[in-house]
Amino acid sequence: MSRKPESPAKGDLILRLRGVGKQFGAVTALDDIALDVHAGEVVALVGDNGAGKSTLVKVLAGVHQPTSGTIEYLGRPVTLDNPGRALELGIATVFQDLALCENLDVVANLFLGHELSPWHMDEVQMEVRAWTLLQELAARIPSVREPIASLSGGQRQTVAIARSLLLDPHIIMLDEPTAALGVAQTAEVLNLIERVRDRGHGVILISHNMEDVRAVADRIVVLRLGRNNGVFTAESSHQELVAAITGASENSVSRRAARKMDIMEGQS
Amino acid sequence: MTQPTQLDRADSRVRHDAGIAGALRGFVDQVRSGDLGMLPVIVGLVIISTVFTVLNPVFLAPNNLVNLLFDAAAVGFIALGVVCVLLLGEIDLSIGSMSGLASAITGVLWVNAGMPLPVTILAVVATGAAVGLIYGFLRNQFEMPSFVATLSGLLALLGAQLYLLGPTGSINMPFTSSLVRFGQILILPGWAAYLAALLPGAMIVLGAIRTNRRRSAANLSAAGLSVALAKAVLLTAALIFAVWYLERGRGVPLMFGIFVLAVAALNYALTRTQWGRWMFAVGGNAEAARRSGINIRRIRLSAFVICSSLAALGGVFAAARLASASQQAGTGDVNLNAIAAAVIGGTSLFGGRGSAWSALLGVLVIMAISNGLTLLNLSSSLRYMITGAVLAIAVIVDSLARRSRASNGRA
């Protein structure tokens, strides 16, 4: 990873997106998206199903190529034309579908694409680093020599997160990292996100869980139908956020809340 | 025995199998969950040998087995290449034609044009590599299923073979030449064969000692030597017996020795190098591999190139074995035998599972069947039908094992 740029100082602008759009045939998944990520901050990306969150993540991970717009990385315009390029620059991603190879064991998955000593793989060294990394994440993996197929959903999630940290990236993108996790593991992942932020990395967090988002996010960027729909902070009210996500203050969530209030008032 | 301080022994929920009893228990668990490994091959070999020996005792005669090994080398090389493409979940149906074309090129360049043998072999392998490049290109650039690409390749290469051989249809190779002697007569010297039989066991033990030392130094659990020693003793005893038995006849064919060497080399590449790891990754989940930054196109290309090159080399061996390049070379059951060998040996048709050894073991099974049926004086019509049935059974076993693995949480 010799081409990886110098590490930015805390507060520096790492990633700057302007006017990014992505078309899938007739469908516009992303339209004129702007996004800034600084070193040492957690940016939450929220939005309803189909808002374009995962598409945006895939664009930044080099999986999809944007149809329009510019991406600046550490002040330089870059083209993320394949996943390897994104990893080289220091953008690591934990995908929603985890993207693990079920037939390989945990160590092989952690180091996939970045094996130590390519001509005679150093299995012992890789296993040691795997255990160390997993212990830092307080992960409960029974054995790193079992194929991924034998792990539970939460364990797979942990492996996927551990893998993203292996290369010490500048930015980590987590697509729904807590969806499959238990209470303790969710807290661990949130702790982990804060630890990663405090080390000066930028974090992009995608989640449907507003509690998680408010717990760690410095800024909350709302997407709606593939467009920017406001930037909030953790102090913003729940109503404001829901309104931005669904596009109106009059929506199914607020109606439901109002109904609940009515019932409670009726009871008292 | 377990120390809580070891990095990989922190989780108390996991049963850690230690020693020989533990290894046996682990093996039984593994087989039950559908990870059959080498078991079907060994069972198959025992059944086949028993049946054919009962029908015709000549089957087990040392010299018949030596002949069997001579025959196995050529198909074995082809099967070795097939393992590479199967690991990716791809297929190459043109390996038979490729080997036929290779023998034709050998005949034309070496016999007719009088070129030196090394140059000829180099040209043949280069042709194979070029064909593999074309398949890889078609697969990568046009997403052409390898099934179709190589099926059209089958016909095209067969055409090239017929064109090269011309109206006479066959080129005979001089019996006194080095190539034909290599294909029909040359055997490993006795001491070399015994040495080769000792080598795997010694390497198992030395490897285990080295790994144990490194793991202990890194604060990981070390497996201990008992299992490795038991394996090594069993393997060495079996190999020494095999060599001793073959030495009662003509001995171990040199070309079979070279084939085993190639298997060992590919095994190293697949299990110890980054390239091998990536092969398994692409075969298991190509999209995950791509997102890890692996250039899956290059991996695919490498697999097709290796497959076609080895098929070409197998064609040279086959020509040496038959002392001729003919229109029949590489046709008939060569394709099926090579693919069946890889699958019977335990390489999955669905990608992501398999090993280089499967080519060696599978080719022994296939060649044992073919040899036994020939001894029974059965016509090729029956031989084809039986080989076809064997391949079908092998694929059924593969599918059932896969289903069982899925339900038992193994890949």
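Sequences listed follow chains A and B, in order.
Going by our numbering, the first sequence opens with residue 21, and the numbers climb by one from there.
Going by our numbering, the second sequence opens with residue -14, and the numbers climb by one from there.
Cβ coordinates follow ideal geometry from the N, Cα and C atoms, glycine included.
On a predicted model such as this, the values are computed, not experimentally measured, just so you know.
Query, Result
"The segment 116 to 132 of chain A / the segment 161 to 175 of chain A touching (three or more Cβ pairs under 8 Å)", "yes"
"Nearest residue (CA-CA) to A/D232, options A/D32, A/N249 and A/E208", "A/E208"
"C-alpha distance - B/L65 paired with A/A112, whole-angstrom precision", "37 Å"
"Span of the alpha helix (DSSP H), counted from its first residue to its last, around A/E231", "M230 to V236"
"Endpoints, the alpha helix (DSSP H) within which B/Q259 is located", "Q259 to G269"
"Local Cβ density within 10 Å of A/W151, reported as buried at 16 or more and exposed below that", "buried"
"Range covered by the beta strand (DSSP E) that runs through A/T48", "V47 to H58"
"For B/P47, three-class secondary structure by DSSP", "helix"
"Contact check, B/G85 vs B/L173, beta carbons under 8 Å", "no"
"Residues near A/G220 by beta carbon distance below 8 Å, same chain, minus five either side", "S27, P28, A29, K30, A59 and G60"
"Own chain partners of A/M284 with C-beta closer than 6 Å, once the 5 adjacent residues on each side are dropped", "none"
"Alpha-carbon to alpha-carbon, A/Q175 and A/Q155", "13 Å"
"Chain A residues whose Cβ lies nearer than 9 Å to that of B/A266", "C121, N123, L124, A128, N129, L132 and G133"
"Spatial neighbours of B/A247 in its chain, beta-carbon cut-off 7 Å, leaving aside the 5 residues before and after", "F62 and L65"
"Residues near A/S137 in its chain [Cβ-Cβ closer than 6 Å; skip 5 each side]", "none"
"Any chain A beta carbon closer than 8 Å to B/G121", "no"
"Beta-carbon separation (whole angstroms), A/I192 vs A/V216, contact threshold 8 Å", "6 Å"
"Every unbroken beta strand (DSSP E) within the segment 153 to 189 of chain B, with a cutoff of 3 residues, ordered by chain", "155 to 157"
"is_contact[A/M284, chain E] using C-beta, thresh 8 Å", "Given the protein chain composition of this structure (A and B), no chain E is represented."
"B/N320 (DSSP reduced to helix, strand or coil)", "helix"
"Pairwise C-alpha distance: A/P197 and A/D13", "In the structure displayed, chain A extends from 21 to 288; residue 13 of chain A sits before or after that span and is not available."
"CB contact flag (A/H204, A/R234, <8 Å)", "The amino acid at residue 204 of chain A is misidentified as His; the sequence shows Ala. No; because the gap between Cβ atoms is not below 8 Å, this pair is not in contact."
"Coil, strand or helix - A/S22 by DSSP", "Model confidence at A/S22 stands at a pLDDT of 41, short of 50, so the residue's coordinates are unreliable and nothing is read from them."
"Closest by C-alpha distance to B/A479, when choosing among B/L149, B/A6, B/Q(-9) and B/A111", "Missing from the structure shown is residue 479 of chain B; chain B here goes from -14 to 396 and no further."
"Residues that B/A310 bridges to, as DSSP identifies them", "B/I156"
"Below-8 Å beta-carbon distance, B/I27 vs any chain A residue", "no"
"Residues that A/P197 contacts on chain B, provided the C-beta gap is smaller than 7 Å", "The contacting residues do not exist; A/P197 stays about 16 Å from chain B at best."
"Beta-carbon proximity of B/Q312 to B/L136, cut-off 8 Å", "no"
"Contact belief for B/F289 with B/G337 at Cβ below 8 Å, rounded distance in angstroms", "That belief does not hold up - the Cβ atoms of B/F289 and B/G337 are roughly 17 Å apart, past 8 Å."
"Between the CA atoms of B/G154 and B/A213 - distance to the nearest angstrom", "53 Å"
"B/D20 CB to nearest heavy atom of the ligand ADP below 7 Å", "The ligand ADP is absent from the structure shown, which contains no ligand whatsoever."
"Residues from the segment 204 to 215 of chain B in contact with chain A, defined by Cβ distance under 9 Å", "N204 and L205"
"Rounded separation between A/S184 and B/R200 - CA only", "25 Å"
"Cutoff 8 Å: B/Q126 Cβ touching any chain A Cβ", "no"
"Outcome for A/H190 when other beta-carbon atoms lying within 10 angstroms are tallied against a minimum of 16", "buried"
"Start and end residues, alpha helix (DSSP H) containing B/G117", "L102 to F127"
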